[in-house]
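Visitor: Handing you this structure, nothing more for now.
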Ligand code: AMP
Ligand code: ZN
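Numbering (our numbering), first residue to last: 1279 to 1749.
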């Protein structure tokens, strides 16, 4: 079965199959490395990761490129504020980003190119655009793309009904740059005093590339002039992706990307989670509050990528419970499975979960189906239906693992047998929890000490506690 996915350009759900019959080549706009990525950014990166995993678990190879935006107004400004060289500054945030990706179990892209290390490729593209008269140089030594020279401009974002001549065209506050038409966007920005030491030589004098050209240069370098899919958050549809199409197709005359995959935003109280609004949470903010990366990943998968997802601590609490249920289920079968010899069987009874993923990456539906199966199979387990049933155990275990792989979820299987807690200890712990809920701290502390004296330690979660031996 082939993945069907909504395409922003055609507004249709379309099959994604490799153009070259071998591997799906795709490009994801990467992070701007001037601070920690927030979990809104990670909604986009996690969905791209699930896209890749679903392709791969259905037997199709991928080639995944995700860039690092390491030169723009923000990276330059912040590095100057910190008094660190741009490349040293962005290296710090790149390392942090990669570490967060690992925590979230994101697959490493096959290529992770940096914009700063691809200046010659960007200059090369700009030269070709000038040769074809699709771009022009201004007096100050900047170069602009001539939007009216690309008849298709605005197809992706349906600009036809809108006024193109808007300063929205610029992501950065670069309106001081001189240009023929307000819709034209910068390919090369002439050196300015405030850029400090961050400039490069070019045929138009010293300066630095614009943001949009970096993605065209790096995607075409690693994926070819035409490739399968391009992705980012919905905020990138206009102007970034619109501009990428215009400049790339003006150079090559070929379709740039065959499929456009955009992920709706993670919101906080009705507003986009963003660095500029300051309403963001990072993985480390949430770790400080006791939430694990896998729980965050689960939360990010719980909404359909075409709809905005509202972030709340209640939904994070629900994600925490969901992961704990999956852990219990995995532990049950892992224990029996270890005694069986492996038999590769993809999805097995979990096929319905994969089907939901293949149908427009419907992660909430797929998770719903996963939990329905987990419930049914747990009931069957409790009725003793798996006793001595080797092949049934293998097929459930492997099917379940394939689902986890497709979602990219890792559950830590409990190795030890559950500890038997004596009923008087359980009762004391329950009383102490009640006292805590009622904010009766003195009683809660006294009961905690009492339990400790008897050799039991309480670990508090948000909604429940766990007891373990104190030694
Ligand atoms: P940036 O670091 O701002 O360049 O963004 C990196 C990626 O995160 C881009 O694909 C953005 O579209 C995406 N993004 C930014 N904010 C959000 C959000 N609140 N929800 C989902 N994706 C986002
Ligand atoms: Zn980009």
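Idealized CB from N, CA, C, for every residue including glycine.
Every value quoted in this text rests on a predicted model; they were computed, and no experiment measured them.
#1: Count the CB pairs spanning the region 1344-1361 and the region 1479-1493 that are closer than 8 Å, and state whether there are at least three.
#2: Tell me which residues share the same chain as residue 1341 and place their Cβ nearer than 6 Å to its Cβ, disregarding the 5 neighbours each side in the sequence.
#3: Checking 8 Å against the spacing of the C-beta atoms, do residue 1528 and residue 1498 come in under that value?
#4: Check this for me: beta carbons of residue 1575 and residue 1332, under 8 Å apart or not?
#5: Runs of 4 residues minimum, wholly inside the region 1592-1676: which ones carry the alpha helix (DSSP H) assignment?
#6: Could you tell me the boundaries of the beta strand (DSSP E) in which residue 1746 lies?
#7: Listed by chain order, which residues have C-beta atoms less than 5 Å from any heavy atom of the ligand ZN?
#8: Relative to the C-alpha of residue 1317, which residue among 1416, 1743, 1570, 1288 is closest?
#9: Fully enclosed by the region 1501-1579, which alpha helix (DSSP H) runs are 4 residues long or longer?
#10: If I follow the unbroken alpha helix (DSSP H) through residue 1731, where does it start and stop?
#11: Would you identify the three-state DSSP class for residue 1700, choosing helix, strand or coil?
#12: Quick test of the definition: if touching needs 3 or more C-beta pairs under 8 Å, does the region 1359-1368 touch the region 1603-1612?
#13: Going by DSSP, what residues sit across from residue 1219 in a beta bridge?
#14: Note the first and the last residue of the continuous beta strand (DSSP E) segment covering residue 1413.
#15: Please determine, among 1639, 1636, 1631, the residue with the shortest C-alpha to C-alpha distance to residue 1649.
#16: Which one or two residues does DSSP pair with residue 1341 in a beta bridge?
#17: Listed by chain order, which residues have C-beta atoms less than 6 Å from any heavy atom of the ligand AMP?
#18: Taking only the alpha-carbon atoms, compute the straight-line gap between residue 1552 and residue 1322 and give it to the nearest angstrom.
#19: Straight-line CA distance for residue 1691 to residue 1604?
#20: Looking only at its own chain, which residues have a Cβ that is under 7 Å from the Cβ of residue 1741, when we skip the five neighbours before and after it?
Guide: Short version:
#1: yes
#2: The residues are 1301, 1303, 1388.
#3: no
#4: Going by beta carbons, residue 1575 and residue 1332 fall outside the 8 Å limit.
#5: 1629-1636, 1641-1660
#6: 1743-1747
#7: 1307, 1493
#8: 1570
#9: For the region 1501-1579, the continuous alpha helix (DSSP H) assignments of 4+ residues that do not extend past its boundaries occur at 1520-1530, 1561-1566, 1571-1579, in sequence order.
#10: 1719-1731
#11: coil
#12: no
#13: In the structure displayed, the chain extends from 1279 to 1749; residue 1219 sits before or after that span and is not available.
#14: 1413-1415
#15: 1631
#16: 1303
#17: 1307, 1309, 1310, 1318, 1319, 1321, 1322, 1347, 1510, 1511, 1513, 1514, 1541, 1543, 1544, 1550, 1551, 1552
#18: Their backbone Cα atoms lie some 13 Å apart in a straight line.
#19: 9 Å
#20: 1595
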